[in-house]
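Residue numbers (this note's numbering), protein chains in the order written: chain A, 1 to 115; chain B, 1001 to 1113.
Glycine residues also receive a C-beta, built at the ideal position from the N, C-alpha and C atoms.
Quick caveat: nothing in here was measured; it's all calculated off a predicted structure.
These notes are about the structure you will find just below.
Here is the structure:
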């Protein structure tokens, strides 16, 4: 157990629907990151929050949004889902903004299937 | 061209073999070079990192960085079936007060008993 908890583990939903993925960071970590992993694109950075504030955005679609709450858990909202959104979504956390080589701690991911 | 290139494999080796995994990159500003291991249905976990050029050893694993060639490697000695996983390289730089991390697409390794 990495200490980063993601729910749900699996999600199957229809095109056009909206889903919410949840992440609880490792105890003491203030920074939360969301990544999308697909077979052909690898790990793609979506967005980062630090202590409740958005700090960096990657290749996140306008249909996607996220937030980090005062208790530091984070939610990733995906709306108007398309077949191409099917992927593994990972949450990661770190103690601070700059981690050097210590990297991130990843959760086990949410597997989203859009049918 | 991607900032980080990694051969997806799959790479299949017999138990006990020496494994060499590699990545190339284009951005000379990268400062930290990391290797993650990802087992099936799990999230990536950090194996080791190096800062700047040089070698770093941790048990059966050796990470090597050649900044002049923009090339990094991970060597696994005496490979075990438990090493079967996908290995992702990652590189980071500090940008505007935050750290930007770029991952390779991963190389799938299978160690056959």
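request  = Would you list the one or two residues that DSSP bridges to residue 87(A)?
outcome  = Here residue 87(A) is taken as the residue at index 87 of the first chain, counted from 1. Looking at the DSSP assignment, residue 87(A) forms a beta bridge with 112(A).
query = Applying a beta-carbon distance threshold of less than 9 Å, which residues of chain B neighbour residue 55(A)?
reply = Here residue 55(A) refers to the residue found at position 55 when the first chain is read from its first residue. Near residue 55(A) (Cβ distances below 9 Å), the residues of chain B are 1097, 1098.
message = Any beta carbon from chain E within less than 8 Å of residue 1094(B)'s own beta carbon?
response = Looking for chain E here will not work: the only protein chains present are A and B.
request  = Provide the residue(s) that pair with residue 1005(B) in DSSP beta bridges, ordered along the chain.
outcome  = As a working mapping, residue 1005(B) is identified with position 5 in the second chain. For residue 1005(B), which the question treats as bridged, DSSP gives the partners 1024(B).
message = Please classify residue 109(A) as buried or exposed, where buried requires at least 16 neighbouring CB atoms within 10 angstroms.
response = Taking the first chain and counting its residues from 1, one reaches residue 109(A) at position 109. Looking at its Cβ environment, which holds 16 or more other Cβ atoms inside 10 Å, residue 109(A) is buried.
inquiry  = Helix, strand or coil for residue 25(A)? Go by DSSP, reduced to three states.
reply    = Translated into the one-based positions of the first chain, residue 25(A) becomes position 25. Residue 25(A) falls in the coil class under three-state DSSP.
key: Under 7 Å by beta carbon: chain A residues contacting residue 1105(B)   = On the second chain, position 105 is the one that residue 1105(B) refers to. Neighbours of residue 1105(B) on chain A, chain order: 42.
inquiry  = Looking at residue 1076(B): is its Cβ nearer than 8 Å to the Cβ of residue 1083(B)?
reply    = Along the second chain, read from residue 1 onward, the residue named residue 1076(B) stands at position 76. Along the second chain, read from residue 1 onward, the residue named residue 1083(B) stands at position 83. Yes, these two residues count as a Cβ contact at 8 Å.
query = Which term fits residue 14(A), buried or exposed, when burial requires 16 or more other beta carbons within 10 angstroms of its beta carbon?
reply = In the first chain, residue 14(A) corresponds to position 14, counting from 1. The residue is exposed, with fewer than 16 neighbouring Cβ atoms inside 10 Å.
ask   = Who are the neighbours of residue 109(A) on chain B, taking C-beta pairs under 9 Å?
value = For the purposes of this step, residue 109(A) is taken as the residue at position 109 of the first chain. In chain order: 1041, 1042, 1043.
task = Classify residue 149(A) as helix, strand or coil using the three-state DSSP reduction.
result = Past the boundaries of the shown model lies residue 149(A); chain A is included only from 1 to 115, so the question cannot be answered.
message = Counting only Cβ-Cβ distances shorter than 9 Å, please list the residues of the region 1043-1060 of chain B near chain A, keeping chain order.
response = 1043, 1044, 1045, 1046, 1048, 1049, 1050, 1051
Residue 94(A) to residue 1099(B) span [Cα, whole Å] = Start at 1 with the first residue of the first chain, and residue 94(A) comes out as number 94. Start at 1 with the first residue of the second chain, and residue 1099(B) comes out as number 99. Those two C-alpha atoms are separated by around 11 Å.
task = Within 10 angstroms of the Cβ of residue 1(A), are there 16 or more other Cβ atoms? Answer buried if so, exposed if not.
result = As a first step, residue 1(A) must be located in the first chain, where it is residue number 1. Exposed: under 16 other Cβ atoms inside 10 Å.
task = With 9 Å as the C-beta to C-beta threshold (strictly closer), list the residues of the region 1010-1034 of chain B near chain A in chain order.
result = 1031, 1032, 1033, 1034
request  = Consider the Cβ of residue 1088(B): report whether some Cβ of chain A lies at a distance smaller than 8 Å.
outcome  = The count along the second chain starts at 1 and reaches residue 1088(B) at position 88. So yes, residue 1088(B) belongs to the interface.
ask   = Quick one, are the C-beta atoms of residue 81(A) and residue 4(A) less than 8 Å apart?
value = Numbered from 1 along the first chain, position 81 holds the residue referred to as residue 81(A). Numbered from 1 along the first chain, position 4 holds the residue referred to as residue 4(A). Against a cut-off of 8 Å, the Cβ pair of residue 4(A) and residue 81(A) comes out as no contact.
request  = My understanding is that residue 1027(B) touches residue 1003(B), with C-beta atoms under 8 Å, so please give their C-beta distance in whole angstroms.
outcome  = Indexing the second chain from 1 puts residue 1027(B) at position 27. Indexing the second chain from 1 puts residue 1003(B) at position 3. Correct: roughly 5 Å between the Cβ atoms.
request  = Scan the region 88-103 of chain A for residues whose Cβ lies nearer than 8 Å to a Cβ of chain B and list them as they occur along the chain.
outcome  = 90, 92, 97, 98, 99, 100, 101, 102, 103
Distance between residue 98(A) and residue 1054(B) (C-alpha atoms, nearest Å) = On the second chain, residue 1054(B) is found 54 positions in, with the first residue counted as 1. On the first chain, residue 98(A) is found 98 positions in, with the first residue counted as 1. Near 22 Å, if we compare the C-alpha coordinates of residue 98(A) and residue 1054(B).
request  = Using the Cα positions of residue 1052(B) and residue 1025(B), report the straight-line distance between them to the nearest angstrom.
outcome  = Taking the second chain and counting its residues from 1, one reaches residue 1052(B) at position 52. Taking the second chain and counting its residues from 1, one reaches residue 1025(B) at position 25. Distance between the alpha carbons of residue 1052(B) and residue 1025(B): 13 Å.
inquiry  = Suppose contacts are defined by Cβ-Cβ distances below 8 Å. Is residue 89(A) in contact with residue 21(A) by that definition?
reply    = Taking the first chain and counting its residues from 1, the one referred to as residue 89(A) is at position 89. Taking the first chain and counting its residues from 1, the one referred to as residue 21(A) is at position 21. Closer than 8 Å, so yes.
ask   = Checking contacts by CB at 8 Å: is residue 2(A) closer than that to chain B?
value = In the first chain, counting from the first residue as 1, residue 2(A) sits at position 2. True, the Cβ-Cβ gap to chain B drops below 8 Å.
message = Are the CB atoms of residue 1047(B) and residue 1060(B) within a distance shorter than 8 Å?
response = As a working mapping, residue 1060(B) is identified with position 60 in the second chain. As a working mapping, residue 1047(B) is identified with position 47 in the second chain. No, the pair does not count as a contact, with Cβ atoms beyond the cut-off.
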